[in-house]
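Colleague: With the first letter of the sequence shown counted as 1, position 14 gets the number 13 in numbering that gives the first Met the number 0; the numbers rise by one all the way through.
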Amino acid sequence: MTALVQAFYRASHTETETSVLKLVAMFCGACLFVSLLFATYGLDLSPGFF
Numbered sequence: 000m001t002a003l004v005q006a007f008y009r010a011s012h013t014e015t016e017t018s019v020l021k022l023v024a025m026f027c028g029a030c031l032f033v034s035l036l037f038a039t040y041g042l043d044l045s046p047g048f049f
């Protein structure tokens with residue numbers, strides 16, 4: 000997890016309070032994406048499912 004946060008921090012290249020909020024938002028987005036992947040693991044998401 001620390002490596003992911005450091006990678007996001009290096010990507011932003013700024014050290015203001017706004018960038019900290021941006022970093023937290025990107026980290027939360029990545030966590031939500033991974034959670035979605037785990038939630039859909041094993042489900043048949045073919046067009047017939049919808």
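The beta-carbon is built from N, C-alpha and C at its ideal position, and this holds for glycine as well.
Rounded to whole angstroms, what is the Cα-Cα separation between Ser18 and Phe32?
Modeller: 21 Å
Colleague: So, under 8 Å CB-CB, Ala38 and Leu3 are touching, yes? Tell me the CB distance rounded to an integer number of Å.
Modeller: About 20 Å separates the two Cβ atoms, so there is no contact after all.
Colleague: Considering only the beta carbon of each residue, do Leu22 and Tyr8 sit closer than 8 Å?
Modeller: yes
Colleague: Quick one: Cα of Gly47 to Cα of Ala6, how far?
Modeller: 38 Å
Colleague: When DSSP labels each residue in this structure, what does Tyr40 get in the three-state scheme?
Modeller: coil
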